[in-house]
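Visitor:
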Amino acid sequence: MDCTHVIEFVATGAVAAFLLKKALENSKRVSVLPPGPPATWPWASPIPHEFAHQALAEWTTQYGPVFSIQQGRNVTIVVGRIQAAIDILEKHGGITLSRPDNVPAGVKLSDGKRMLLTPSGELHRRMRKAVHEPLQPGMVKSYSLLQFKSAKQYISNILNKPELHQHHAELYAATIILKITYGKSAPSSFEDPDVRRIHTALDRLNEALKPGTYVADQIPFLWKVPGYAKELTEWHAEELTLFREQVDKTRVSLKDGSDDPSFVRYLLENPDVHGLDEDSMAYLAGTLYGAGADTTFIAMSTTILAAACHPEAQAKVMEEIDQVIGNRLPTPEDMHTLPQLDAFIQEALRWRPVITLGIQHKSTADMVWNGYHIPAGATIIGNHWALSRDPDAFPDPDKFDPQRWINDKGSLKSPSEIRFFTFGFGRRVCPGQHVALKSLFVTMSMLFWAFRVSQDPSKPINPEAYEDKLISHPLPFHAKFEPRRSVKEIEQALAD
């Protein structure tokens with residue numbers, strides 16, 4: 178048993194008697210809270226450590242679209258239906274903007290500098306302002322050529338080594354985000370040392386974010402015990418060094434006369450605009466890369482998995498591409514001209530959400546929803562998995578059906594008719610969503626133009642084989658990529 182687990186075991190027993198009285202005082206459910214499971218002791222988290230998103234989705238079915246979890250004095254509100262998410266996390270976005278204290282991921286691992294987890298306040302405002310200019314919709318157009326060239330390389334890689342399709346997707350995502358963030362040239366492979374180090378940091382963040390990883394979340398004084406969770410301190414030092422190195426490399430390239438635009442260049446040249454210190458800039462850039470590369474790769478892989486498992490839906494996309502695009506290669510300018518492709522992508526992201534449980538929000542003021550009280554200070558979870566299974570918003574929700582996104586005129590429905598929260602809620606929506614959607618369109622339009630994706634009968638795909646993480650990767654899977662045109666024609670189109 179390692180040091181962390183010994184400390185947890187001893188401390189749990191030592192504080193049990195002290196906490197018993199406090200827990201009993203607060204064990205009665207406040208009558209105006211939304212319904213939910215019985216209250217628990219402060220040290221006994223009712224949220225399962227394994228596949229928490231699915232367990233909470235079952236509670237949504239049992240208790241209703243919004244339910245409460247009481248753990249000692251702490252109240253967590255779980256939102257599991259689309260309209261409730263709109264009411265609470267969108268319409269009340271001003272008071273659900275903040276984040277609850279997250280000691281393992283937000284403090285120990287990130288030193289309070291990871292924008293994903295920063296509470297509302299001056300630092301978050303500055304970070305949000307810093308990312309707004311480079312990632313606003315108008316600026317996304319300037320990345321089109323980069324996305325187009327990188328997508329052509331992605332298709333070429335699949336043509337030559339289809340068995341490595343997930344690695345090719347990871348490489349594409351890394352190429353785009355490295356260039357946008359740091360101005361770096363494309364890595365030669367996904368085994369690029371810096372890429373691997375950044376993805377190691379992402380894996381560690383995912384572990385720290387997982388509910389129940391650290392008992393100290395229930396017994397907070399454990400965080401002050403020397404030696405407890407020391408790996409978080411070590412991981413922080415490693416990732417801060419990595420993020421600083423990347424900024425320093427950009428700074429050197431600028432001094433050497435490079436004129437390549439990048440997010441870090443913008444930060445370095447405009448310190449008075451954002452007012453961030455060096456480490457906050459380093460973390461902001463590192464977070465931008467990590468979030469962008471990881472989610473783009475997952476979305477690409479999920480779309481391919483969906484195509485292999487649902488050939489009829491894929492056929493509609495290919496038919497549309499043949500009618501609208503023809504023999505030429507799709508380009509970024511074709512975006513919004515292929516509603517069947519847009520619908521397929523939207524359905525894939527609903528069917529297997531990139532983020533399963535949702536990043537926690539914190540209410541900074543009391544609010545009332547349908548007669549129920551949501552108190553100030555409550556943690557609010559928009560459970561993406563439960564939202565994706567909302568039978569009112571998505572009839573027969575387990576069915577993969579892109580046509581649910583198409584209206585009677587054959588166009589994509591408006592957000593007022595149907596929507597999902599792939600990129601988060603309210604004022605916490607992912608600032609890189611426009612870049613991510615453009616990348617998805619460019620890569621997937623080319624993919625379905627060039628290939629028909631199917632399952633390998635000897636290695637069938639399990640569509641439920643995803644990691645049990647907050648940001649959930651599909652496990653490695655095999656797929657067949659049958660060229661829809663002659664190899665020569667595809668190669669010629671990629672070369673032009």
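For the sequence shown, the positions run 178 to 673 when this note's numbering is used. Idealized CB from N, CA, C, for every residue including glycine. Given the structure is predicted, the values throughout are model-derived calculations rather than measurements.
#1: Less than 8 Å between C-beta atoms, sequence neighbours within five positions excluded: which residues of the same chain meet that for Gly241?
#2: With a 10 Å radius around its C-beta and 16 neighbouring C-beta atoms as the bar for buried, classify Thr620 as buried or exposed.
#3: Suppose you measure from the CA of Leu386 to the CA of Asn251; what does that come to, to the nearest Å?
#4: Could you check which residue in Glu497, Gln610, Lys615 and Val630 has the C-alpha nearest to that of Ser588?
#5: Alpha carbon to alpha carbon, what distance is there between Leu274 and Pro339?
#6: Using DSSP with H/G/I as helix, E/B as strand and the rest coil, what is Lys285?
#7: Gln423 and Pro651: beta carbons closer than 9 Å?
#8: With DSSP as the reference, label Leu294 as helix, strand or coil.
#9: Can you tell me where the beta strand (DSSP E) with Thr556 in it begins and where it stops?
#10: Whose C-beta lies closer than 7 Å to the C-beta of Ala229 among residues of the same chain, with five residues either side of it excluded?
#11: For His550, which three-state DSSP category applies?
#12: Please state whether DSSP places Gln247 in a helix, a strand or coil.
#13: Whose CA, out of Pro653, Ser649 and Glu659, lies closest to the CA of Glu227?
#14: Rounding to the nearest angstrom, what Cα-Cα distance links Lys356 and Leu465 in this structure?
#15: Would you call Leu322 buried or exposed, if buried means 16 or more other Cβ atoms sit within 10 Å of its Cβ?
#16: Could you give the distance in angstroms between the alpha-carbon of Thr480 and the alpha-carbon of Pro530?
#17: Just grab the DSSP bridge partners of Ile532 for me.
#18: How would you label Phe658, buried or exposed, when you count the other beta carbons within 10 angstroms and need 16 or more for buried?
#19: Quick check: what's the CA-CA separation for Asn447 versus Ala378?
#20: Less than 9 Å between the C-beta atoms of Ala490 and Asp578, yes or no?
#21: Is Ile638 near Phe654, with beta carbons less than 9 Å apart?
#22: In terms of residues, what are the limits of the beta strand (DSSP E) holding Ser321?
#23: If you reduce the DSSP assignment to three classes, tell me which class Lys198 lands in.
#24: For Tyr391, which residues in the same chain have their Cβ closer than 7 Å to its Cβ, ignoring the five residues on either side in sequence?
#25: Considering only residues of the same chain and omitting the five flanking positions on each side of Thr410, which have a CB-CB separation below 7 Å?
#26: Can you grab the Cα-Cα spacing for the pair Ile309 / Gly452, in whole Å?
#27: Which class does Arg629 belong to by DSSP, given the choice of helix, strand or coil?
#28: Suppose you measure from the CA of Asn383 to the CA of Asp645; what does that come to, to the nearest Å?
#29: Going by beta-carbon coordinates alone, are Leu293 and Phe598 separated by less than 9 Å?
#30: Of the residues Ile254, Ala670 and Phe521, which one's Cα is nearest the Cα of Leu233?
#31: Quick check on the burial criterion: 16 or more other C-beta atoms within 10 angstroms. Buried or exposed for Leu201?
#32: With distance defined between alpha-carbon atoms, name the residue in Gln313, Arg276 and Gln260 nearest to Ala613.
#33: Return the CA-CA distance between Met477 and Gly559, expressed in angstroms with no decimal places.
#34: With a CB to CB cut of under 6 Å and the five nearest residues on each side skipped, what residues in its chain are close to Thr217?
#35: Measuring only from the beta carbon, is Thr377 closer than 8 Å to any heavy atom that is part of the ligand NAP?
#36: Under the three-state reduction of DSSP, which class applies to Phe398: helix, strand or coil?
Guide: According to the data block:
#1: A distance below 8 Å between beta-carbons, with the five flanking residues on each side excluded, links Gly241 to the following residues of its chain, in chain order: Pro211 and Pro212.
#2: Its Cβ being crowded by 16 or more others within 10 Å, Thr620 is buried.
#3: Their backbone Cα atoms lie some 18 Å apart in a straight line.
#4: With distances taken between Cα atoms, Ser588 lies closest to Glu497.
#5: If you take the alpha carbons of Pro339 and Leu274, they lie about 43 Å apart.
#6: DSSP places Lys285 in helix when its eight states are reduced to three.
#7: Taking a C-beta distance under 9 Å as the contact criterion, Gln423 and Pro651 do not qualify as a contact pair.
#8: Correct three-state label for Leu294: coil.
#9: Here the beta strand (DSSP E) through Thr556 covers Thr556 to Gly559.
#10: Counting only Cβ-Cβ distances below 7 Å, and skipping sequence neighbours, we find Pro388 and Leu534.
#11: Of the three classes helix, strand and coil, the one that applies to His550 here is strand, per DSSP.
#12: Three-state result, Gln247: strand.
#13: Ranking Pro653, Ser649 and Glu659 by Cα distance to Glu227 puts Ser649 first.
#14: About 12 Å.
#15: By the neighbour-count rule (16 or more Cβ atoms within 10 Å), Leu322 is not buried but exposed.
#16: Between the C-alpha atoms of Thr480 and Pro530 there is a straight-line separation of about 11 Å.
#17: According to DSSP, which records beta bridges pairwise, Ile532 is partnered with Ile648.
#18: Flag for Phe658 reads buried.
#19: Rounded to the nearest whole angstrom, the C-alpha separation of Asn447 and Ala378 is 27 Å.
#20: Yes, the pair counts as a contact, with Cβ atoms nearer than the cut-off.
#21: At the C-beta level, Ile638 and Phe654 come within 9 Å of one another.
#22: Taken as a continuous stretch (DSSP letters only), Ser321 belongs to no beta strand (DSSP E), being part of the alpha helix (DSSP H) at Ser321 to Asn337.
#23: The pLDDT assigned to Lys198 is 48, lower than 50, so where the model puts this residue is not dependable, and the model offers no usable value.
#24: Closer than 7 Å at Cβ, skipping near neighbours: Pro281 and Ala406.
#25: Hits under 7 Å: Lys285.
#26: The sequence as given places His at residue 309; Ile does not occur at that position. Here the C-alpha atom of His309 lies approximately 14 Å from the C-alpha atom of Gly452.
#27: In this structure, Arg629 counts as strand in the three-state DSSP scheme.
#28: So the alpha carbons of these two residues sit roughly 10 Å apart.
#29: Their beta carbons are not under 9 Å apart, which means Leu293 does not touch Phe598 by this criterion.
#30: Taking each of Ile254, Ala670 and Phe521 in turn and checking the Cα distance to Leu233, the smallest one comes out for Ile254.
#31: With a pLDDT of 43 at Leu201, under the threshold of 50, the modelled position of this residue cannot be trusted; read the value that follows with caution. Answer is exposed; the Cβ neighbour count stays below 16.
#32: For the residues Gln313, Arg276 and Gln260, the minimum Cα distance to Ala613 belongs to Gln313.
#33: Going from the Cα of Met477 to the Cα of Gly559 covers about 23 Å.
#34: These residues qualify, in order along the chain: Pro223 and Gln248.
#35: The ligand NAP is absent from the structure shown, which contains no ligands of any kind.
#36: For Phe398, the secondary structure class from DSSP, reduced to helix, strand or coil, is helix.
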